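In this note's numbering, the protein residues as written are 7 to 404. Note that the Cβ used here is the ideal one computed from N, Cα and C, for glycine as well. This one's a predicted model, so the numbers in the text were calculated from it and none came from an experiment. As structure tokens, the structure follows; a few thoughts come after it.
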């Protein structure tokens, strides 16, 4: 059976959504599908017999301009001709092309890895209310806090009603919509109730994880969200400072991107005060970040947005490391019934996060190893790729 995957970005470019697309594509190949991937990523991770077609148009940085490009008649004709030889069109990212596939009577499966369907910026804040006014306010707030851009905030606020309505009109034509967690499915169903009957919940595949490493001698906490507001950088910094006032020997590792100058200065001043407690790694290769997790005593996930199903929590548990995560999105579904469940905290609460870190600091090395092993065991069993493969076959059957 011929399968076309349309993904604006493909691993190793992007983050959790593209990683999931890569892993799912690998599983689909083992199921006997003949797969072609169309993407804007110039050097996508290769997968056996999978054919890749690179379209630079997916790299157009402005979202409205990118979406409008795929509505141009000549572009529509080219893609329509391309789609004819495929039985199924699978779209994790690339919603403007859904109507073309349906015009050819193809089965279309949309995979939601974010909240693009209901939010122009693809993000739902943990305390965000429903309604047009709230959505516009949330868009404005997001652009100010995440990108420090008045221009983007004004443009996003104006475009929110139009573009979310347009996006919903495209996705409405899909045969099946995959959500990655029960929480994501509920949020989407509540906001776009007419799509509820098309939604199927399927957890993302687990990545391959290298052998665990020995923990750092000094208590070490790793945060990989860069300086992102929605990933909780501000919560992380406040919690780290309060912890250092009590525990002088703790180390904090930061990765996920380059810090802006004012934040670099802040970290440098804190290092002068607390003797090089902070280390900033920028954006690390995937294998290196997994090794860093494995050596850490805990991985910090202070997100203030509804994370659909964050890979960072999976990766921590698979590397036998405790995740200290805010109680948002799909995180409770990952850690349910494990030691990590008691380490969750209220989103936006540095005090609760600091308390959970104190719990980890109270554990002996043997306890850390024992708890970490159990976390890995539960994760591998509960989110088995064999189960995911069976679910894929159910969803992708024609």
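Same chain only: Cβ atoms within 8 Å of residue i, ignoring 5 sequence neighbours per side
i, result
"residue 290", "261 and 298"
"residue 379", "326"
"residue 106", "82, 85, 86 and 89"
"residue 285", "257, 258, 259 and 260"
Supposed close pair residue i, residue j - CB separation, criterion 8 Å
i, j, result
"residue 137", "residue 316", "In fact, because the Cβ distance is near 26 Å, the residues do not count as touching under 8 Å."
"residue 328", "residue 283", "Residue 328 to residue 283, Cβ: 20 Å. No contact."
"residue 399", "residue 211", "No, residue 399 and residue 211 are not in contact; Cβ-Cβ is about 13 Å, not under 8 Å."
"residue 50", "residue 76", "Actually they do not touch by this definition, with Cβ atoms about 19 Å apart."
"residue 254", "residue 227", "Not really, about 14 Å apart at Cβ, beyond 8 Å."
"residue 41", "residue 27", "About 11 Å; that fails the 8 Å criterion."
"residue 236", "residue 309", "7 Å"
"residue 134", "residue 140", "6 Å"
"residue 213", "residue 25", "7 Å"
"residue 59", "residue 44", "5 Å"
Cβ neighbours of residue i in the same chain (closer than 6 Å, five flanking residues each side left out)
i, result
"residue 232", "262 and 263"
"residue 341", "347"
"residue 356", "241, 244 and 245"
"residue 146", "159 and 163"
"residue 117", "98 and 184"
"residue 324", "215, 382 and 385"
"residue 394", "211"
"residue 63", "75"
"residue 322", "299, 305 and 329"
Selected residue, minimal CA-CA separation from residue i, among the options
i, options, result
"residue 245", "296, 220, 354 and 311", "354"
"residue 73", "235, 335, 369 and 103", "103"
"residue 61", "37, 36 and 11", "11"
"residue 201", "209, 188 and 182", "182"
"residue 46", "279, 257, 178 and 99", "99"
"residue 229", "44, 156, 81 and 363", "363"
"residue 65", "277, 20 and 85", "20"
"residue 188", "337, 14 and 151", "337"
"residue 259", "237, 275 and 287", "287"
"residue 331", "313, 306, 322 and 321", "306"
"residue 115", "334, 349 and 176", "176"
"residue 173", "101, 199 and 130", "101"
"residue 132", "345, 248 and 333", "333"
"residue 234", "196, 199, 148 and 275", "148"
"residue 68", "161, 178 and 274", "161"
"residue 239", "203, 311 and 57", "311"
"residue 112", "52, 272, 179 and 53", "179"
"residue 167", "156, 143, 150 and 153", "143"
"residue 388", "403, 320, 48 and 110", "320"
"residue 275", "294, 247 and 292", "247"
"residue 392", "9, 29, 7 and 18", "29"
Close-in-space but distant-in-sequence residues of the same chain around residue i (CB under 7 Å, 5 per side omitted)
i, result
"residue 191", "185, 205 and 207"
"residue 70", "165 and 169"
"residue 318", "230, 305 and 307"
"residue 198", "123, 124 and 174"
"residue 151", "235"
"residue 53", "31, 32 and 35"
DSSP state of residue i mapped onto helix, strand, coil
i, result
"residue 173", "helix"
"residue 207", "strand"
"residue 60", "strand"
"residue 86", "helix"
"residue 264", "coil"
"residue 315", "coil"
"residue 202", "helix"
"residue 251", "coil"
"residue 99", "strand"
"residue 286", "strand"
"residue 332", "strand"
"residue 32", "helix"
"residue 52", "coil"
"residue 5", "Since the first residue of the chain shown is 7 and the last is 404, residue 5 is not available in this structure."
"residue 117", "strand"
"residue 394", "helix"
"residue 385", "helix"
"residue 40", "strand"
"residue 180", "coil"
"residue 150", "helix"
"residue 139", "helix"
"residue 126", "coil"
"residue 344", "coil"
"residue 299", "helix"
"residue 369", "coil"
"residue 229", "strand"
"residue 80", "helix"
"residue 13", "strand"
Residue i at chain B interface by Cβ criterion, 8 Å
i, result
"residue 397", "Here chain B cannot be found, since the structure has a single protein chain."
### Message
When you compare the segment 368-388 with the segment 210-224, are there three or more beta-carbon pairs, one atom per stretch, that lie closer than 8 Å?
### Response
Inter-segment contact for the segment 368-388 and the segment 210-224 is present: three or more beta-carbon pairs are separated by less than 8 Å.
### Query
Is it true that the segment 94-110 meets the segment 298-309, where meeting means three or more beta-carbon pairs spaced less than 8 Å apart?
no
### Query
Are there three or more Cβ pairs, one per stretch, closer than 8 Å when the segment 34-41 is compared with the segment 121-138?
They do not touch, by the three-pair rule.
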